Structure formats: structure tokens, C-alpha cells
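Residue numbers are given in the working numbering: position 437 of the sequence shown equals residue 437, and the series is strictly consecutive.
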Amino acid sequence: MRNANRSRPRCVALALLAPWLLASAPAAQPPRPAAAAADPVRCAPGNGGIRLPEGFCAAIVADDVGPARHIVVAPNGDVFVAIRNRSSARGGILVLRDTTGDGAADIAIRFGENGGTGIALRAGYLYFGTDDAVLRYPLPAGSLTPAGPPDTIVAGLPYERSHSAKSIAVTDRDLFVNIGSPSNVCTARNAPGTRGPDPCPELETRAGIWRFDPDRTGQRQRDGIRYATGVRNAVALAVHPTNGGLYAVQHGRDALSVLWPDLFTHEKSAETPSEELIRVDRGDDFGWPYCYHDLELGRKVLAPEYGGNGRDAGRCADVEEPILAFPGHWGPNGLLFYTGSQFPARYRGGAFIAFHGSWNRAPLPQDGYRVVFVPFEGDAPAGGYEDFATGFAGADVSPRGAAHRPVGLAQAPDGSLYITDDQGGRIWRVVYAAGRR
């Protein structure tokens, strides 16, 4: 495992909507001004390209920052963003500070030598999930940079190119890590009519959520507990702030009509299987690769690789069902439970979910590329979902052509909502505007 960056952090003032540049010389960390002295958030023209419900508007916090994944906000309002690696540059952690309160960051610092997706704050530490490990940086309150190099909490996690992102959720006692499957349905090759291995060997080390000790360094996967299994890939992962339960939104499988053309039309395959919002308890089995959720039927059915016909439940009658299902292939990557008081009261306790967007819904239009809101009543959704932020993709709703693809969500101390984008590298801050344009 590579250690995180030992060099001094670099700091730069941000020019809104300008290319992202990092100054070569280190700068001192300025004190954060009192919130009372801050200017009101100034929302961007056209909300920076996204559409929001009436009464809301969005500021552009930063732009062109690279593939911004998950995000967390410190109690003083400083923003920490996980940046993934790309072929042309290494990722790391981006720290943003807005010293004027207008919504746009004017101080930015990067640190770390490796990129990742998961990020969380806990008890004076910043946790960071790279593709094969979880690191923990010592982070004094109010500091923009860590007080020293990171500890490695978990090393040697399995990863391949597909579904390598490690999302994390941290509580006082638990470190939860998503370890996604690298395959579609546990088959070595995606060829029509191929049967899947039974039992699926991936389930020993992949396609589940593992629990580790957040205070113990030097752990390996064998030191953790396989908390839940049969979860193909749950990049969207969060702990409920009031009931303490673990929730996730998992990616469904692909290629039903390609692999089983006698059973599924392309139109059916475009909408199936569902993307699933799940409540995760220890020992749960959500059925992958043997099962998938059919949105039209409203339940799990047996996968054709394991003898299914698209209708019968078979062994899937005993696996866990989602608490809410979404159309297929939207790509859920971010989950946040809202606890603030800035938004209208109906949002309190509900869930925001960021959908990265589809690539495989033909002949139907590609879809996702949005943030939705799910109202909750107690521990479960109170009905369905509604669009909250749309328009991220712009005119070309496709993975390569989209202007922006939402990923991460975070709540600021004042109750505003941050949204990240790993395509255009934009970060928005959504506020309840109350005529503040």
C-alpha cells in the first residue's frame, strides 16, 4: 500500500468557472471568518446548469476539479472531496474553504498521492477509501490539512477495473466498506446462454458490505466481518442519523436481453433489473447473482443464469427485498439523509440519492443523471421518489457526452446541500433561495 502524500499541501485561490490550477508554493492556512461576517450565498445564473424545485437555487462552489466523488463537510463548513485517479493524473483529497460565505470556494488545497471515492469524518480523523484500502488522516478541528501522514486502517482490499470504488460509512463503532463485484452476474464471460457457477466464488470476498474496526490499524479483509452479502455494488452507502441503521442503493445487473434474447426484449432489459434502495442489517442476503429485482413485478426473481424464466422467484423468495426500487441502469452513487432545517420541513428525515446515469438503456433513452428525493416516515420511505435536481447531462444524455454526472452528496452545517460531479468536475451548493437570486 502506498503511503499518502508526504509533501506539503498546495493552496490556491479559485477563479469561478476558470480552469483548475494549483499554485506551486505552499500557503499558510488563513483563519475561517465568523459566519456572521459572511455575505449571503450568491447563486449562479441558471443554477450552474441544473434544474431545481421552485424556491431553490445553486451556487458553483468550484469547477474543473477533476473526477469528484464523495464529499463531506466539517462542522466549520470546510469541504473535503474525494478525487478519483484518472489516466492523466493521480487523485487525492481536495479541501475547499469559502472565506466570504458567498458560496464559491476561494481557498483550495490538495493532499494525498492516491485517489478514491469514500470519505468521512470521525473523532478528529478523516477517513478515505481508495480502491484497495481505507486510510485515516489525523485532522485537527478547523484544519485544512492533516497533522501527519495517514494510518492504514484496512489494506489489500480486492479490486479490478470494474466496480473498484470503495465507498465507506463510519459510526462510533463501525467502519462499513462496500466491496463491489467485478462481474455482471458471476460469469467469467458474458456470452449468451452461459450458466453461472453455483455457489458463486466471488461472494467470499466481493459483492457485499464488510464491517471493520474504525480504530484498529493494519487490518486485512479477513479481519473484518462480511456484514451483508449478495449486493452487486453499493457505491451509495450511508448510516441513518437517527435510527443508526445502514442503508445503501445498489447497482443492478446488466444484459438480460443480450444474454437471454428468448426471455427478454430489449425494452424489458432497459428497465430491468431495478436499482434498489436497501436497509442493511447484519447477515442480510440480497440475492446477487442468483436473483434480481423486477420493477414491473415488484419483487425478486431468479436469474436466468441459475435457471430462471423472468417470472418465478424460486430460491429468491427467501432473500431480502428493497425498501424502494428505481428504474434500471440509472447508476446510484450517492446517498444522504437530510437532517437540516434550511429546506422546507417535508425534506427533514428524507433521503437524497444521486444517480450517475445510464449507458445501456437502448432502445429507450439513456436516463438517470439526476438527484432524487425520497420522503421517509420513520425507518422507511413514505411513498415513492421525486426529482430534485435534474439537467446535469445537458443536451447529450450519454456517458461520454454528458456535461456533468452527479456522484456525491453532503449536508452543510447551515442545511444547504452539496452535489459533486465526476465528469465536468463541478461542485454545487444548493440553498433554499427565498428570493435570493
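Even glycine gets a Cβ: it sits at the ideal position worked out from N, Cα and C. Only a predicted model underlies this, so the values are computations on that prediction, with no experimental measurement involved.
Cutoff 7 angstroms; reference residue 170; Cβ partners in own chain excluding five residues on either side: Counted from its first residue, the sequence shown places residue 170 at position 170. Within the same chain, 120, 122, 127, 214 come within 7 angstroms of residue 170 by CB-CB distance, once the 5 residues on both sides are set aside.
Quick one: grab the DSSP three-state call for residue 259. Residue numbering aside, residue 259 sits at position 259 when the sequence shown is read from its first letter. Judged by DSSP in its simplified three-state form, residue 259 adopts helix.
Excluding five sequence neighbours on each side, which residues of the same chain lie with their C-beta closer than 7 angstroms to the C-beta of residue 84? Sequence index remark: in the sequence shown, residue 84 carries index 84 (1-based). So the qualifying residues of the chain are 67, 69, 91, 115, 116, 117, 422.
Measuring only the C-alpha atoms, how far is residue 396 from residue 379? As a position in the sequence shown, residue 396 is number 396, starting the count at 1. As a position in the sequence shown, residue 379 is number 379, starting the count at 1. Rounded to whole angstroms, residue 396 and residue 379 show a C-alpha spacing of 37 angstroms.
Once DSSP output is grouped into helix, strand and coil, what is the label at residue 166? The count along the sequence shown starts at 1 and reaches residue 166 at position 166. Residue 166 falls in the coil class under three-state DSSP.
For residue 203, name the three-state secondary structure that DSSP assigns. Indexing the sequence shown from 1 puts residue 203 at position 203. DSSP, reduced to helix, strand and coil, places residue 203 within a helical segment of the structure shown.
Enclosing alpha helix (DSSP H) for residue 240 [first to last residue]: In the sequence shown, residue 240 corresponds to position 240, counting from 1. First-last for residue 240: undefined, no H or E at that position.
Taking all protein chains shown into account, decide if residue 278 is buried (16 or more other Cβ within 10 angstroms of its Cβ) or exposed. Sequence index remark: in the sequence shown, residue 278 carries index 278 (1-based). Buried is the label assigned to residue 278, since at least 16 other Cβ atoms lie within 10 Å of its Cβ.
With 16 as the cutoff for other CB atoms within 10 Å, does residue 179 come out buried or exposed? In the sequence shown, residue 179 corresponds to position 179, counting from 1. Residue 179 sits buried, since 16 or more C-beta atoms from the chains shown fall within 10 Å of its C-beta.
So what does DSSP say about residue 266, is it helix, strand or coil? Here residue 266 refers to the residue found at position 266 of the sequence shown. Three-state DSSP puts residue 266 in a helix.
Kindly indicate the opening and closing residues of the beta strand (DSSP E) around residue 392. In the sequence shown, counting from the first residue as 1, residue 392 sits at position 392. Run containing residue 392: none; DSSP gives neither H nor E here.
Within the continuous beta strand (DSSP E) that includes residue 342, where are the two ends? Numbered from 1 along the sequence shown, position 342 holds the residue referred to as residue 342. According to the DSSP assignment, residue 342 belongs to no beta strand (DSSP E), since it is labelled neither H nor E.
In terms of residues, what are the limits of the beta strand (DSSP E) holding residue 229? On the sequence shown, position 229 is the one that residue 229 refers to. First-last of the beta strand (DSSP E) with residue 229: 225-229.
Those runs of the beta strand (DSSP E) which lie wholly inside the segment 292-325 and span at least 3 residues: Fully enclosed beta strand (DSSP E) runs of 3 or longer: 299-302.
Can you give the Cα-Cα distance for residue 211 and residue 245, rounded to whole angstroms? Against the sequence shown, residue 211 aligns to sequence position 211. Against the sequence shown, residue 245 aligns to sequence position 245. Rounded to whole angstroms, residue 211 to residue 245 spans 13 angstroms at the Cα level.
Helix, strand or coil, according to DSSP, for residue 47 in the structure here? Translated into the one-based positions of the sequence shown, residue 47 becomes position 47. In this structure, residue 47 counts as helix in the three-state DSSP scheme.
Below 8 angstroms between beta carbons: does that hold for residue 265 and residue 295? The residue you call residue 265 lines up with position 265 of the sequence shown. The residue you call residue 295 lines up with position 295 of the sequence shown. The Cβ-Cβ distance between residue 265 and residue 295 does not fall below 8 angstroms.
For residue 210, list the residues DSSP reports as bridge partners. Taking the first residue of the sequence shown as 1, we reach residue 210 at position 210. DSSP lists 177, 226 as partners of residue 210.
Would you give the residue range spanned by the beta strand (DSSP E) that residue 327 belongs to? Taking the first residue of the sequence shown as 1, we reach residue 327 at position 327. Following the DSSP letters along the chain, one finds residue 327 in no beta strand (DSSP E), marked with neither H nor E.
What first and last residue would you give for the beta strand (DSSP E) that runs through residue 151? Stepping through the sequence shown from its first residue, residue 151 is reached at position 151. Counted as a single uninterrupted DSSP element, the beta strand (DSSP E) harbouring residue 151 occupies residues 151-154.
For residue 366, three-class secondary structure by DSSP: The residue given as residue 366 occupies position 366 in the sequence shown. If DSSP states are grouped into helix, strand and coil, residue 366 belongs with coil.
Are the segment 127-137 and the segment 182-193 touching by the rule of at least three beta carbon pairs closer than 8 angstroms? Counting C-beta pairs closer than 8 angstroms gives fewer than three between the segment 127-137 and the segment 182-193, which falls short of the contact rule.
What is the DSSP secondary structure of residue 346, reduced to helix, strand or coil? If you number the sequence shown from 1, residue 346 lands on position 346. Here residue 346 carries a helix assignment [DSSP, helix/strand/coil].
For residue 341, which residues from the same chain have a beta carbon less than 8 angstroms from its beta carbon, with the 5 sequence-adjacent residues on both sides left out? For the purposes of this step, residue 341 is taken as the residue at position 341 of the sequence shown. For residue 341, where only same-chain residues beyond five positions count, the Cβ hits under 8 angstroms are 348, 415.
Near residue 36, which residues of its chain fall below 8 angstroms by C-beta distance, leaving aside the five closest residues on each side in sequence? Here residue 36 refers to the residue found at position 36 when the sequence shown is read from its first residue. Annotation note: pLDDT 37 at residue 36 (below 50); position unreliable, coordinate value reported separately. Cβ within range, chain order: n/a, list empty.
Burial state of residue 275 (16 or more Cβ within 10 Å): In the sequence shown, residue 275 corresponds to position 275, counting from 1. Burial check for residue 275: the Cβ neighbour count within 10 Å reaches 16 or more, so the residue is buried.
Could you pull out every residue in the same chain whose Cβ sits closer than 6 angstroms to the Cβ of residue 78, ignoring the five residues on either side in sequence? Mapped onto the sequence shown, residue 78 falls at position 78. Cβ neighbours of residue 78 within its own chain (closer than 6 angstroms, five residues either side excluded): 97.
Evaluate the contact criterion for the segment 361-369 versus the segment 321-334: three or more CB pairs, one atom per stretch, below 8 angstroms. Counting Cβ pairs under 8 angstroms, three or more are found: they touch.
Classify residue 276 as helix, strand or coil using the three-state DSSP reduction. For this step, residue 276 is matched to residue 276 along the sequence shown. Here residue 276 sits in strand by DSSP.
I'd like to check one pair, residue 288 with residue 232: are the Cβ atoms closer than 8 angstroms? As a position in the sequence shown, residue 232 is number 232, starting the count at 1. As a position in the sequence shown, residue 288 is number 288, starting the count at 1. Result yes, Cβ atoms of residue 232 and residue 288 sit closer than 8 angstroms.
How is the beta strand (DSSP E) around residue 56 delimited, first residue to last? Position 56 of the sequence shown, counting from 1, holds the residue named residue 56. Taken as a continuous stretch (DSSP letters only), the beta strand (DSSP E) holding residue 56 covers 56-62.
With DSSP run on the structure shown, which of helix, strand or coil describes residue 23? Sequence index remark: in the sequence shown, residue 23 carries index 23 (1-based). Below a pLDDT of 50, predicted positions are generally treated as unreliable, and residue 23, at 31, falls in that range; the measurement from the model is reported next regardless. Reduced to three states, the DSSP call for residue 23 is coil.
By the 10 Å Cβ neighbour count, where 16 or more other Cβ atoms means buried, how is residue 386 classified, buried or exposed? Stepping through the sequence shown from its first residue, residue 386 is reached at position 386. Result: exposed.
So, for residue 269: in the same chain, excluding its five sequence neighbours on each side, which residues have a beta-carbon less than 6 angstroms away from its beta-carbon? Position 269 of the sequence shown, counted from the first residue, corresponds to residue 269. Result list for residue 269: 256, 257, in chain order.
Tell me the DSSP bridge mates of residue 185? Reading the sequence shown from its first residue, position 185 is the one you call residue 185. Residue pairing by DSSP places residue 185 opposite no residue, since no beta bridge is assigned to it.
DSSP has residue 406 in a bridge; who is on the other side? By one-based count along the sequence shown, residue 406 stands at place 406. DSSP output for residue 406 lists 421 as bridge partner(s).
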